[in-house]
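J.: Okay, here's the structure, questions in a sec.
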Amino acid sequence: MAQDNTATLKTADGTLLKLSLERSLRRRKRNALLLVAPLFLFILITFLLPIFDMLIRSVDNKITAEILPTTVPLLAKWDARSGKLPDELVFKAFITDAQIASKAKTINRLGKRLNYEKSGTSSLFRKTGRKLKKFKANKLTGTYQEALLKIDKKWGKIATWQMIQRESGRYTSSYFLSAIDMKKGIDGAEWKDEDSQIYINLFKRTLWLSFLITLLTILLGYPIAYLLASLKTKTSNLLMILVLLPFWTSLLVRTSSWIALLQKEGIINDVLVSIGIISDNARLSMIHNQTGTIIAMTHILLPFMILPLFSVMKTIDPSYIRAARSMGATSFTAFRRIYFPNTVAGIGAGGILVFILSIGYYITPALVGGTQGTLISNFIAYHISESLNWGLAASLGTLLLLLVLALYILYDKIVGIDNMKLG
Amino acid sequence: MALPLHATTAERVWHYTFLSICTVIFIFLIIPILVVIPLSFNAQPYFTFTPEMLSLDPAGYSTRWYESFFNDSNWQKAVKNSIIIAIFSTIISTFLGTLAALGLSQKDFPLKTTIMGILISPMVVPLIISAAGMFFFYARVNLLGTHLGVILAHAALATPFVVITVTATLTGFDHSLTRAAANLGSSPTNTFFRITVPLITPGVISGALFAFITSFDEVIVVLFVGSVHQRTIPWAMFSGIREEISPTILAVATLLICFSIVLLIMLEILRRRNERLRGLSPN
Numbered sequence: 010m011a012q013d014n015t016a017t018l019k020t021a022d023g024t025l026l027k028l029s030l031e032r033s034l035r036r037r038k039r040n041a042l043l044l045v046a047p048l049f050l051f052i053l054i055t056f057l058l059p060i061f062d063m064l065i066r067s068v069d070n071k072i073t074a075e076i077l078p079t080t081v082p083l084l085a086k087w088d089a090r091s092g093k094l095p096d097e098l099v100f101k102a103f104i105t106d107a108q109i110a111s112k113a114k115t116i117n118r119l120g121k122r123l124n125y126e127k128s129g130t131s132s133l134f135r136k137t138g139r140k141l142k143k144f145k146a147n148k149l150t151g152t153y154q155e156a157l158l159k160i161d162k163k164w165g166k167i168a169t170w171q172m173i174q175r176e177s178g179r180y181t182s183s184y185f186l187s188a189i190d191m192k193k194g195i196d197g198a199e200w201k202d203e204d205s206q207i208y209i210n211l212f213k214r215t216l217w218l219s220f221l222i223t224l225l226t227i228l229l230g231y232p233i234a235y236l237l238a239s240l241k242t243k244t245s246n247l248l249m250i251l252v253l254l255p256f257w258t259s260l261l262v263r264t265s266s267w268i269a270l271l272q273k274e275g276i277i278n279d280v281l282v283s284i285g286i287i288s289d290n291a292r293l294s295m296i297h298n299q300t301g302t303i304i305a306m307t308h309i310l311l312p313f314m315i316l317p318l319f320s321v322m323k324t325i326d327p328s329y330i331r332a333a334r335s336m337g338a339t340s341f342t343a344f345r346r347i348y349f350p351n352t353v354a355g356i357g358a359g360g361i362l363v364f365i366l367s368i369g370y371y372i373t374p375a376l377v378g379g380t381q382g383t384l385i386s387n388f389i390a391y392h393i394s395e396s397l398n399w400g401l402a403a404s405l406g407t408l409l410l411l412l413v414l415a416l417y418i419l420y421d422k423i424v425g426i427d428n429m430k431l432g
Numbered sequence: 009m010a011l012p013l014h015a016t017t018a019e020r021v022w023h024y025t026f027l028s029i030c031t032v033i034f035i036f037l038i039i040p041i042l043v044v045i046p047l048s049f050n051a052q053p054y055f056t057f058t059p060e061m062l063s064l065d066p067a068g069y070s071t072r073w074y075e076s077f078f079n080d081s082n083w084q085k086a087v088k089n090s091i092i093i094a095i096f097s098t099i100i101s102t103f104l105g106t107l108a109a110l111g112l113s114q115k116d117f118p119l120k121t122t123i124m125g126i127l128i129s130p131m132v133v134p135l136i137i138s139a140a141g142m143f144f145f146y147a148r149v150n151l152l153g154t155h156l157g158v159i160l161a162h163a164a165l166a167t168p169f170v171v172i173t174v175t176a177t178l179t180g181f182d183h184s185l186t187r188a189a190a191n192l193g194s195s196p197t198n199t200f201f202r203i204t205v206p207l208i209t210p211g212v213i214s215g216a217l218f219a220f221i222t223s224f225d226e227v228i229v230v231l232f233v234g235s236v237h238q239r240t241i242p243w244a245m246f247s248g249i250r251e252e253i254s255p256t257i258l259a260v261a262t263l264l265i266c267f268s269i270v271l272l273i274m275l276e277i278l279r280r281r282n283e284r285l286r287g288l289s290p291n
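Chains V and E are the protein sequences, given in the same order.
The working numbering numbers the first residue of the first sequence as 10 and each following residue consecutively.
The working numbering numbers the first residue of the second sequence as 9 and each following residue consecutively.
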């Protein structure tokens, strides 16, 4: 019996062949894992941990309990709906905490943090911290509450204490709420006033512009990919340079070039004026607005559409079209019914790729987008380096990341990450 | 694409319309690259063609922006930073990426898709998110404003390109070659260096080129993770465009275009060599 034979076969050193094979397969697997491990660890530390850090930061709120360590537990017992101010113990604890924080120069940080919840809090904390430096508990004549109210009347408002109580937890949802234009009210989340809503519109604008850019790259990329796929290899290789050269050229080179072309005193306006299509004082403004962002980004992302489309079209057997034509289809029908359906996967692949890239774009909108052509990324950068509201930057980043991950999974379903090719 | 003899008039008209549409799109693709080169020789500090330039008057042209580039210590420092950062991050990412690709290409690698997805993620996550995360995290470990921080960040961003190119080379790899070597008594190490390495070298080099250009072109992460001492060429261009727009930027742009042409040629040579080595004729 053949099966019995293999079961008893032995290698030269006398071990069973089956065992020996298993052992060698296991060794191979272990070696493969050892080869991947260094990169995996590297990516984990230099990339995934930072991303994780950002996710944590978007809900992190340990600052309140850190700076007001004795106040927070006492304040937690206070009933925010009672209509009364917290009791004297809370005021005493607050003054003690604030005095320590004021000496350690950390109180302004808390003020800045709580200022995101209610503007004016930052100056309230700064003022309180300054005045409390001279405060001495043994010279206190009235209650602690009176002492604090003497510094600023806002301490007599229930809303101030409600806000501190609400924001004293280890984690907060307030950054995420402000990232979608909401705020916390006494009865949970509510929308901000109509005129202070920015982020919902920003997300809408980012999605809309990305969609528009994706559509434009499909419209412009399809004919080029079709031409390149149907030409003789020699000619198509030559024309391919026109696609690959922009692809390989620095993003900043292309962006600065579009500035030279599109600005008011730029080349396109100069040409239009000199051939008399527009007059000198009616020069088109094509930059520092949405038009600038759309034109420059369509140009920059076009190769990302052409290359996957081209590789899909290359695999379509020309005899399909010939067969359709020989059976009486017009060239249009043959294209519509045979060729086009075969390229839909390519459109999907290129489309998702361009869409993913454009919703996260930063450099080009920052340089040519003005105020109306900026995207969500620009606001993340603004909150990191200018307004320093890192929590809000992190929560905007987290939302953007979720959006991209959803698209990434979709891309994986359609194309497969393994099939990603370059150049 | 040639038109058959029996084509109808409508088909002819469409054919030529299609070709003109394609020509317009090709012009759209290449014009930003072409326009920069003559503009960088402008004698005037403008971002457009002067009348002297259009009449091909030699007085309208000059190399003053190139001189200002080569004589400006800030630009020279940016070039130095760019090269140092790109070289070190290329070495790290090529080494780690090639090892990982060799492991991943084993037939029965467990959880292959998941691991591949994680290793490729730096390429997919929008740069601003990577930059934000790295900014927060590197600040904790005191890597902000150091060359090391920027190099590590760039290496992380570049590894997916190495993994992808080397994996692609290895999918066409004929494993019977290594088995034949083993059969002939070669040790695994010997087989690796004498058989595997020569065959995957073109893939590794093109992966390294991708890694180099990723770092050389990158601006967002370096803006966040680096300080003035890590100012690279793209950073200098970015702030140049924002602040005082001078044609020096166009001179730098022209030099970068030449650089990318060289790179493109190198990649093409490697691609052909790779196909020849694997016994495939081009195309």
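All C-beta atoms in this analysis are idealised placements derived from N, C-alpha and C, irrespective of residue type, glycine included.
Would you verify that the beta carbon of E/Ala138 is, or is not, closer than 8 Å to some beta carbon of chain V?
T.: The sequence as given places Ser at residue 138 of chain E; Ala does not occur at that position. Yes - at least one Cβ of chain V is within 8 Å of the one on E/Ser138.
J.: Mind listing the chain E neighbours of V/Thr258? Cutoff is C-beta to C-beta under 8 Å, in chain order.
T.: Here the neighbours are Ile41, Leu264, Ile265 and Ser268.
J.: Cβ of E/Leu178 within 8 Å of Cβ of E/Ala108?
T.: Taking 8 Å as the Cβ cut-off, E/Leu178 and E/Ala108 do not qualify as a contacting pair.
J.: Please confirm whether E/Pro134 has its beta-carbon closer than 8 Å to some beta-carbon of chain V.
T.: Cβ-Cβ to chain V under 8 Å: yes for E/Pro134.
J.: Within the 8 Å Cβ cut-off, does V/His297 reach chain E?
T.: With 8 Å as the cut-off, V/His297 does not count as an interface residue toward chain E.
J.: Can you pull the DSSP bridge partners for V/Asp69?
T.: Answer is V/Tyr180.
J.: So what's V/Lys38 in DSSP terms, helix, strand or just coil?
T.: Helix at V/Lys38.
J.: Give the straight-line distance between the Cα atoms of E/Leu6 and E/Phe218, rounded to the nearest whole angstrom.
T.: Residue 6 of chain E lies beyond the range of chain E shown here (9 to 291); nothing can be said about it.
J.: Can you name, in chain order, every residue of its own chain whose Cβ lies under 7 Å from the Cβ of E/Leu263, other than the five neighbours on each side?
T.: Excluding sequence neighbours, E/Leu263 sits near nothing in its chain.
J.: Going straight from the alpha carbon of V/Ala358 to that of V/Tyr370, what length do you get?
T.: Rounded to the nearest angstrom, the two C-alpha atoms are 19 Å apart.
J.: Spatial neighbours of E/Thr89 within its chain, please: C-beta separation below 7 Å, excluding the five flanking residues on both sides.
T.: Position check: residue 89 of chain E holds Asn in this sequence, whereas Thr was assumed. Closer than 7 Å at the Cβ level, and outside the excluded window around E/Asn89, lie Gln238, Arg239 and Thr240.
J.: Could you check where the beta strand (DSSP E) with V/Lys192 kicks off and where it finishes?
T.: Per DSSP, V/Lys192 belongs to the beta strand (DSSP E) from Met191 to Gly194.
J.: Confirm, please, whether the CB-CB distance from E/Leu135 to E/Ile228 is below 8 Å.
T.: Yes. Within cutoff.
J.: Quick test of the definition: if touching needs 3 or more C-beta pairs under 8 Å, does the segment 123-134 of chain V touch the segment 161-180 of chain V?
T.: The segment 123-134 of chain V is in contact with the segment 161-180 of chain V.
J.: Tell me, which residues are paired with E/Asn50 by DSSP?
T.: E/Asn50 pairs with E/Tyr69.
J.: Under DSSP, the beta strand (DSSP E) around V/Glu155 begins and ends at which residues?
T.: Premise fails: V/Glu155 lies in the alpha helix (DSSP H), Tyr153 to Ile160, not in any beta strand (DSSP E).
J.: Sort V/Ile287, V/Ala338, V/Met314 and V/Thr20 by Cα distance to V/Gly355 and report the nearest one.
T.: Checking every option, the nearest Cα to that of V/Gly355 belongs to V/Met314.
J.: If we count the other Cβ atoms within 10 Å of its Cβ and call it buried at 16 or more, is V/Phe349 buried or exposed?
T.: V/Phe349 should be labelled exposed.
J.: For the alpha helix (DSSP H) containing V/Ala338, list its first residue and its last residue.
T.: Unbroken run through V/Ala338: none, as it is neither H nor E.
J.: Give me the DSSP bridge partner(s) of V/Gly406.
T.: Paired residues: none, contrary to the question.
J.: Which whole-angstrom value describes the C-beta separation of E/Thr56 and E/Gly68, a residue pair presumed to lie in contact below a C-beta threshold of 8 Å?
T.: Contact flag wrong, Cβ pair sits at about 12 Å.
J.: Buried or exposed for V/Ala11, going by 16 or more other Cβ atoms inside 10 Å?
T.: Note that V/Ala11 scores 49 on pLDDT, short of 50, meaning its location in the model is unreliable; the coordinates nonetheless yield the value given after this. By the 10 Å Cβ count, V/Ala11 comes out exposed.
J.: How many Å lie between E/Leu231 and E/Trp243 at the Cα?
T.: Cα-Cα distance, rounded: 7 Å.
J.: Buried or exposed for V/Arg331, please, with buried defined as at least 16 other CB atoms from any protein chain shown within 10 angstroms of its CB.
T.: Its Cβ having fewer than 16 others within 10 Å, V/Arg331 is exposed.
J.: To the nearest angstrom, report how far apart E/Ile265 and E/Leu207 are at their CA atoms.
T.: Answer to the nearest angstrom: the Cα atoms are 31 Å apart.
J.: Is there a C-beta anywhere in chain E that falls below 8 Å from the one on V/Met322?
T.: Output row for V/Met322: interface = no.
J.: Got a sec: is the Cβ-Cβ distance from E/Asn291 to anything in chain V below 8 Å?
T.: Residue confidence is low: E/Asn291 scores 37 on pLDDT, short of 50, so the model does not pin down where it sits. No coordinate-derived value is stated.
J.: What would DSSP say about V/Leu28, mapped onto helix, strand or coil?
T.: Three-state DSSP puts V/Leu28 in a helix.
J.: Considering only C-alpha positions, which residue in the set V/Glu274, V/Thr105 and V/Asn278 is nearest to V/Lys140?
T.: Nearest of V/Glu274, V/Thr105 and V/Asn278 to V/Lys140, Cα basis: V/Thr105.
J.: With V/Ala198 as the anchor, note down where its alpha helix (DSSP H) starts and where it stops.
T.: Where V/Ala198 is concerned, there is no enclosing alpha helix (DSSP H), although the beta strand (DSSP E) it sits in stretches over Gly197 to Trp200.
J.: Near V/Tyr420, which residues of its chain fall below 8 Å by C-beta distance, leaving aside the five closest residues on each side in sequence?
T.: Hits under 8 Å: Ala358, Ile361, Leu362, Ile365 and Ile426.
J.: Suppose contacts are defined by Cβ-Cβ distances below 8 Å. Is V/Gln154 in contact with V/Ala85 by that definition?
T.: No, the pair does not count as a contact, with Cβ atoms beyond the cut-off.
J.: To which residues of the same chain is V/Lys142 closer than 8 Å at the C-beta, ignoring the five residues directly before and after it?
T.: Same-chain partners within the cutoff: Gln108, Ser111 and Lys112.
J.: Report yes if the C-beta distance between E/Phe143 and V/Ile287 is below 8 Å; otherwise report no.
T.: Contact flag unset, no.
J.: What residue from E/Ser76, E/Asp225 and E/Asn282 has the CA that sits closest to E/Ile91's CA?
T.: Nearest of E/Ser76, E/Asp225 and E/Asn282 to E/Ile91, Cα basis: E/Asp225.
J.: List the endpoints of the continuous alpha helix (DSSP H) containing V/Thr215.
T.: Counting along the chain, the alpha helix (DSSP H) containing V/Thr215 begins and ends at Tyr208 to Ser239.
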